[in-house]
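Take the position in the sequence shown, starting the count at 1, then add 4; the result is the number in the numbering used here.
One structure is given here, and the rest of the page talks about it.
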Amino acid sequence: MTDLGKAPCFGADDCNHDPEQAARVIKRRALALGADMVGIGSIDRWQGAPIQMDPKQIMPECRSIIAMGFRVMRGSLRGVEEGTYFSNYSAMGYGGITYLYMPMTVIDLSRFIEDRGYEAIPMGHQSDWRAIDNEGQLKPQFSRPVAAGRAAPDIMVQLRIAGFLCGLGEIGWSKMLLTPEFGPRQRVGIILTDLPLAPDPIYDGPTLCNRCMACVQACPGGCIPKDDAVNAELAGHQVSWANVNMQGCDMTFRGAQRPADGEPAGPAYETWWDGQKLRPGDWSPFYEKPRNLYNTGQAVCGARGCTRACMMSMERRGVLKNRFHEPFRRREPWSVDWSAPDPNATTAAADGSQTD
Ligand code: SF4
Ligand code: SF4
């Protein structure tokens, strides 16, 4: 058990707080606890953030934000790439990191900070309670401010933008955080704290997103436009990314699509919120949408555009530090023909094993 009375400060014997030293200690600790990367941003970088996304609305005395990146294993994308094993990405590459591994690490680092007398808020994905929707609009009849001038609960601190403002990498055209280590292949957790820490510079290394548009071409729902950009100024930097169709992504990433007018219904993959029966897209081999893993892991599309295509593009360009002996794509990409008979059914009929 931690001896709270004896928890040392950050290396200065006289507790004359040194933000540089404290930042070094925090980073060492974050990596030792299981983060793959860590960066620090000073709170002034969020100046001008919309009120519903302003971390100072959560912690007015916040001085520093610590962002940690947790890699999605390249191997977790393998089974989707081969078309044979989809659950690993949704479980180990998505829900398991988001709802298990990352919270444990940000909580442990927050304990380390609070043992030294500074407050720390461990934050991951608490999106379900946020007051704004995917388009940044207040959800009707969801919540109200507790007093004039305060945001409606809950605030949403954008984790990818936090990664950018803490120096981890760039925002790519796909709206994903791209880092020099893993490209688009990580998830981000953050800590808000009143601990003064020396910030890292905003990423200024080799260009990561070269606008190759591989993400645009490979997204199965066409959710990443080629020409429609969102422009923002983040800590004095002009940043732009695609105006991603988030509602389209919400449907497509589960493996679903709306049937075209007059198209036979086919398997009822999922019933959408507007009551329409959706059909499986050619990027899903499932008759019905599989149930979620770790709460929200349901990424049947296996991030085909925004992660897999982008990662392959960046690997080919040689800009990533996490290198592999073999290229990721080793066989022709697959696609399910839902108008054709199920190969298992025809095999069973041919060998007489079908029972009826
Ligand atoms: S696929 Fe190309 S355009 Fe899209 S985010 Fe990655 S590097 Fe940028
Ligand atoms: S998660 Fe899937 S549907 Fe959404 S943008 Fe990425 S590739 Fe497209």
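Quick reminder that beta carbons are idealized off the backbone N, C-alpha and C, glycines included.
Fair warning: this is a prediction, and the values are worked out from it, not measured in the lab.
Cβ-heavy atom distance, residue i to ligand 1, below 6 Å
i, result
"Ser-178", "yes"
"Ala-233", "no"
"Cys-216", "yes"
"Cys-219", "yes"
"Ser-317", "yes"
"Cys-13", "no"
"Cys-314", "yes"
"Cys-213", "yes"
CB contact flag (residue i, residue j, <7 Å)
i, j, result
"Gly-83", "Tyr-89", "yes"
"Pro-59", "Trp-50", "yes"
"Ser-317", "Ala-218", "yes"
"Met-106", "Gly-79", "no"
"Ala-27", "Ala-202", "yes"
"Gly-38", "Leu-172", "no"
"Ser-68", "Leu-199", "yes"
"Ser-136", "Gln-190", "Correcting the residue type first, residue 136 is Ile in the shown sequence and not Ser. No, the Cβ-Cβ distance between Ile-136 and Gln-190 is not below 7 Å."
"Cys-216", "Cys-253", "no"
"Trp-287", "Pro-224", "yes"
"Val-192", "Gly-167", "yes"
"Val-323", "Pro-210", "yes"
"Gly-45", "Leu-169", "yes"
"Pro-3", "Val-340", "Since the first residue shown for the chain is 5 and the last is 360, residue 3 is missing from the structure and cannot be characterised."
First through last residue of the alpha helix (DSSP H) which encompasses residue i
i, result
"Lys-31", "23-37"
"Gly-193", "Here Gly-193 belongs to no alpha helix (DSSP H); instead the beta strand (DSSP E) covers 190-197."
"Asn-138", "Careful: Asn-138 lies outside any alpha helix (DSSP H) and carries neither H nor E."
"Ile-165", "163-169"
"Val-84", "82-86"
"Ala-95", "No alpha helix (DSSP H) contains Ala-95, which DSSP labels as neither H nor E."
"Ala-218", "218-222"
"Thr-211", "Taken as a continuous stretch (DSSP letters only), Thr-211 belongs to no alpha helix (DSSP H), as it is neither H nor E."
Neighbourhood of residue i by C-beta distance below 7 Å, restricted to the same chain and skipping five residues each side
i, result
"Arg-258", "Glu-274, Lys-293, Gln-302, Val-304"
"Gln-130", "Asp-158"
"Thr-359", "Its pLDDT being 41, under 50, Thr-359 is placed unreliably in this model, and the value from its coordinates should be taken loosely. Cβ within range, chain order: n/a, list empty."
"Arg-239", "In the sequence as displayed, the identity of residue 239 is Ala instead of Arg. So the list reads Arg-49, Leu-169, Ile-206, once near-sequence residues are dropped."
"Asp-232", "Ala-246, Asn-247"
"Met-160", "Gln-56, Met-57, Ser-131, Arg-134, Ile-136"
Distance cut-off 6 Å: residue i Cβ against heavy atoms of ligand 2
i, result
"Phe-257", "yes"
"Arg-308", "yes"
"Gly-225", "yes"
"Cys-253", "yes"
"Cys-305", "yes"
Residue i, enclosing beta strand (DSSP E) - first and last residue
i, result
"Ser-46", "41-46"
"Arg-75", "68-75"
"Glu-319", "Element bounds for Glu-319: not the beta strand (DSSP E) but the alpha helix (DSSP H), 314-321."
"Ile-101", "Here Ile-101 belongs to no beta strand (DSSP E), and DSSP marks it neither H nor E."
"Arg-262", "Segment: none, Arg-262 is in no beta strand (DSSP E) and carries neither H nor E."
"Ser-391", "Nothing can be reported for residue 391, as the shown portion of the chain is limited to 5 through 360."
"Ala-233", "233-238"
"Met-127", "124-127"
Sequence-distant residues of the same chain with beta carbon closer than 6 Å to residue i, five excluded per side
i, result
"Ala-124", "Ser-114, Ile-117, Glu-118, Ile-195, Thr-197"
"Ser-357", "Unreliable positioning characterises Ser-357 in this predicted model, as indicated by a pLDDT of 49, which lies under 50. A coordinate reading is not provided."
"Cys-213", "Glu-174, Gly-176, Trp-177, Leu-182"
"Gly-100", "Tyr-298"
Heavy atom of ligand 4 within 6 Å of residue i beta-carbon
i, result
"Arg-33", "This structure lacks ligand 4; its bound ligands are ligand 1 and ligand 2."
Beta-carbon proximity list for residue i, same chain, < 8 Å, skipping 5 on both sides
i, result
"Trp-276", "Met-255, Ala-260, Arg-262, Leu-282"
"Arg-333", "Glu-85, Met-316"
"Tyr-371", "Residue coverage of the chain in this structure runs from 5 to 360, which leaves residue 371 outside it and unanswerable."
"Asn-235", "Gln-242, Val-243, Ser-244"
"Val-110", "Met-72, Pro-126, Met-127, Gly-128, Gly-193, Ile-194, Ile-195"
"Gly-52", "Glu-237"
Below-7 Å beta-carbon distance, residue i vs any chain D residue
i, result
"Ala-166", "In the structure shown, chain D cannot be found, because there is only a single protein chain."
Hey, is the stretch 72-80 in contact with the stretch 175-190, meaning 3+ C-beta pairs nearer than 8 Å? yes
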